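Protein chains in written order, with full-length UniProt numbering: chain A, 1 to 291; chain B, 1 to 291. Think of the CB as a built atom: it goes at the ideal place given N, C-alpha and C, for glycine as much as any other residue. Predicted model, so just to flag it, every value in this text is computed and none were measured.
Number of protein chains: 2
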Amino acid sequence: MTLFSSLTPLYIAIICVLIGVIFKKTNGEKEKRETKSKPSSRPWVDEDLKDGTDHPLEEEEADEEWQGLEENVAHVPFIGERYSEAEMIKRSQSFYELLNKRRSVRFLSDEPVPREVIDNVIRTAGTSPSGAHTEPWTFVVVQDPSLKHKIREIVEEEEEINYKKRMGDRWVNDLKRLRTNWIKEYLDTAPYLILIFKQVYGRLPNGKKKTHYYNEISVSIACGILLAALQNAGLYTVTSTPLNCGPQLRVLLQRPANEKLLLLLPVGYPKKDATVPALTRKPLEDIMVVM
Amino acid sequence: MTLFSSLTPLYIAIICVLIGVIFKKTNGEKEKRETKSKPSSRPWVDEDLKDGTDHPLEEEEADEEWQGLEENVAHVPFIGERYSEAEMIKRSQSFYELLNKRRSVRFLSDEPVPREVIDNVIRTAGTSPSGAHTEPWTFVVVQDPSLKHKIREIVEEEEEINYKKRMGDRWVNDLKRLRTNWIKEYLDTAPYLILIFKQVYGRLPNGKKKTHYYNEISVSIACGILLAALQNAGLYTVTSTPLNCGPQLRVLLQRPANEKLLLLLPVGYPKKDATVPALTRKPLEDIMVVM
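Following this line, the structure appears as structure tokens:
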């Protein structure tokens with residue numbers, strides 16, 4: 001209540017110095033850690049993987065709730081949609097059935113898709129909540145065939161390195177089966193590639209960096225809403241996180257340094273002969289606990 | 001296909017030993033890093049913030065695509081839903097309009113909500129894609145009033161500490177306005193609290209840890225789908241990340257050590273006098289770039 005009321009300016013000065021020392025020490029430790037975690041890999045591998053989530057001390061200062069904390073923002077009355085209980089049950093059941101038909105599809109045809117639908121699904125993703133309402137997302141929609149092909153080259157080159165490095169002699173023995181893992185034809189055939197960037201920081205009016213807390217969680221949530229919107233529209237995709245390609249793709253797509261690639265979604269219709277792995281989903285009792 | 005067929009048991013034994021040595025070394029490095037990243041703060045703060053995203057070396061080995069990489073899984077033909085272009089435009093527009101009405105609501109009434117709807121929205125979230133189809137999520141639905149109240153006590157206590165620490169003398173000057181930031185009545189009033197845990201690792205049949213790559217992104221995507229399902233059913237929530245409370249809440253809810261709290265969503269109907277901040281969303285041209 002009266003936290004600082006009994007403190008003299010001298011005490012405040014001492015506290016400030018102490019905070020400064022602690023902060024400097026902490027930063028030093030953080031740098032040490034970052035150095036530690038950089039072993040032999042190529043420079044842009046580390047660049048790729050650095051983001052706000054690496055800085056727990058900064059996170060500690062973050063807002064807990066995602067909206068409603070803005071100061072100087074007026075509050076207005078809110079009345080939500082209200083359905084009868086029977087309608088709610090029916091609507092929730094239908095929506096489950098719709099989304100349960102979603103599968104990640106790696107075989108996408110080159111049939112054109114109306115741009116208006118792409119605009120609408122990205123508008124929908126943009127309704128997602130975000131930490132302190134920062135809306136820290138950029139959706140880059142690539143439709144130009146030569147640009148799609150450049151993306152494919154970058155992704156496949158990296159993937160090949162990843163697979164070879166990972167697989168060692170297993171790879172040599174089993175080239176043919178694994179080959180599909182880094183050959184990504186859909187990057188050419190899909191009418192659209194949506195590259196989703198998280199804005200890890202913004203700029204304050206004075207030009208200083210403003211950390212976007214929870215930017216990765218926020219952008220991932222927006223991506224979940226995007227996946228729902230795609231499924232609702234009859235479009236298919238495969239969720240991919242192009243490993244180590246982020247910086248190259250960021251430069252190719254002329255995105256600023258505060259944006260990091262989070263996900264790449266090729267979007268289109270399934271090919272006539274598309275297949276999916278025969279996977280099942282966990283039943284409700286394995287994912288939900290009621291107390 | 002014939003992966004190990006040409007290997008004699010001796011070679012297999014040698015490979016196993018080598019894998020063991022590499023694995024042990026990696027674990028050792030990880031432990032060193034984890035020790036480094038624990039500075040002066042309370043023990044469960046660090047515990048709370050540790051997750052798979054802190055380990056770039058492990059991430060580097062991760063699968064890029066989220067499905068279709070499973071070995072020994074049969075592939076089956078896939079035919080998706082197909083709508084006319086006019087239908088696609090209409091469906092995508094309606095879905096945008098539905099989700100654009102979503103707001104984060106902090107003022108939730110205590111009116112009961114049918115359990116069946118909660119089951120359906122969580123089933124829907126469970127259709128989300130996940131890294132290597134690990135489905136690394138647990139949705140804990142709390143309806144017991146005394147348990148909700150215990151959660152409220154834990155969250156408010158931590159929040160009060162956070163706010164006092166952060167705000168300094170601004171806090172003293174402006175107590176009344178900020179007070180709403182750590183008083184969370186909705187944790188008592190909402191008929192359900194959904195606490196979403198990410199499973200940062202699983203167990204292999206031999207009992208060893210199996211890292212769940214991209215678990216945070218996967219669970220956040222599932223949460224995006226959950227938010228869409230709630231909005232579709234006429235239910236409201238506020239996305240919150242209860243800072244530093246994860247370990248206490250995990251113990252309270254008897255979740256195992258491999259689960260970390262990611263988000264807490266109170267779910268219900270808006271109160272009659274609910275308000276929301278008068279925020280707007282970025283227009284499409286500010287979040288989408290077409291190339």
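Measuring C-alpha to C-alpha distances from Ser104/B to each of Ala125/A, Phe78/A, Val113/A identifies Phe78/A as the nearest.
Straight-line spacing of the CA atoms in Val140/A and Ser128/B works out to 22 Å.
Looking at the DSSP output, Gly268/A shares a beta bridge with Tyr236/A. Judged by their CB atoms, Phe107/B and Ala274/B are nearer to each other than the 7 Å cut-off. Residue-level contact check: Lys282/A touches chain B, since one or more beta carbons of chain B fall below 7 Å from its beta carbon. By the Cβ-count criterion, Ile225/A is buried, with 16 or more other Cβ atoms from all chains shown falling within 10 Å of its own Cβ.
Against Pro270/B, the close residues of chain A are Phe78, Ile79, Gly80, in the order they occur along the chain (beta-carbon pairs closer than 8 Å). Put simply, the stretch 219–233 of chain A does not touch the stretch 152–159 of chain A. Fewer than three CB pairs are less than 8 Å apart. The C-beta of Tyr96/A comes closer than 7 Å to at least one C-beta of chain B. Beta-bridge pairing by DSSP links Ser104/B to Thr237/B. Taken through DSSP and simplified to helix, strand or coil, Thr134/A comes out as coil.
In this structure, the CA atom of Val276/A is about 5 Å from the CA atom of Val76/B.
Following the DSSP letters along the chain, one finds Ile122/A in no beta strand (DSSP E) but inside the alpha helix (DSSP H) bounded by residues 115–125. Between Ala125/B and Ala233/B, the gap from beta carbon to beta carbon reaches 7 Å or more. The stretch 233–244 of chain A makes contact with the stretch 254–268 of chain A: 3 or more CB pairs, one atom from each, lie closer than 8 Å. Going by DSSP, Leu195/B is part of the beta strand (DSSP E) stretching over 192–199.
Within the DSSP secondary-structure output, Lys164/A pairs in no beta bridge. Each residue's CA atom was taken as its position, placing Ile217/B and Val73/B some 24 Å apart. Separation of Glu185/B and Glu116/B (C-alpha to C-alpha, rounded to the nearest whole angstrom) is 25 Å. By the criterion of at least three beta-carbon pairs nearer than 8 Å, the stretch 189–198 of chain A is in contact with the stretch 246–260 of chain A. DSSP places Val276/B in the uninterrupted beta strand (DSSP E) bounded by 275–277. Ile287/A has a beta carbon lying within less than 7 Å of a beta carbon in chain B.
Neighbours of Leu187/B in chain A, taken as residues at a C-beta separation under 7 Å, are lacking, since the least C-beta distance is about 12 Å. Residues of the stretch 204–223 of chain A with a C-beta atom less than 9 Å from some C-beta of chain B are Tyr213, Tyr214, Glu216, Ile217, Ser218, Val219, Ser220, Ile221, Ala222, Cys223, listed in chain order.
Close CB contacts of Arg255/B within its chain, under the 6 Å cut and outside five residues either way in sequence, are with Phe197 (chain order).
At least one beta carbon of chain A lies nearer than 7 Å to the beta carbon of Leu99/B. Chain order gives the chain B residues near Arg123/A as Tyr96, Leu284, where near means a beta carbon separation below 7 Å. Considering only Pro247/B, Leu99/B, Arg123/B, Pro136/B, the residue with the shortest C-alpha distance to Val155/B is Pro247/B. For Val76/B, the enclosing beta strand (DSSP E) starts and ends at 75–77. Using a Cβ distance threshold of 7 Å, Ser84/A and Asn120/B do not count as a contacting pair.
Proximity of Pro247/A to chain B, defined by a Cβ-Cβ separation below 7 Å, is not satisfied. For Arg203/B, the pairing in a beta bridge is given by DSSP as Lys209/B. With a threshold of 7 Å between beta carbons, Gln199/B makes no contact with chain A. A distance of 7 Å or more separates the beta carbons of Ile183/B and Trp137/A.
Residue environment for Ala190/A: buried (at least 16 other C-beta atoms within 10 angstroms of its C-beta). In the structure shown, Met288/A falls within a strand segment according to DSSP collapsed to helix, strand and coil.
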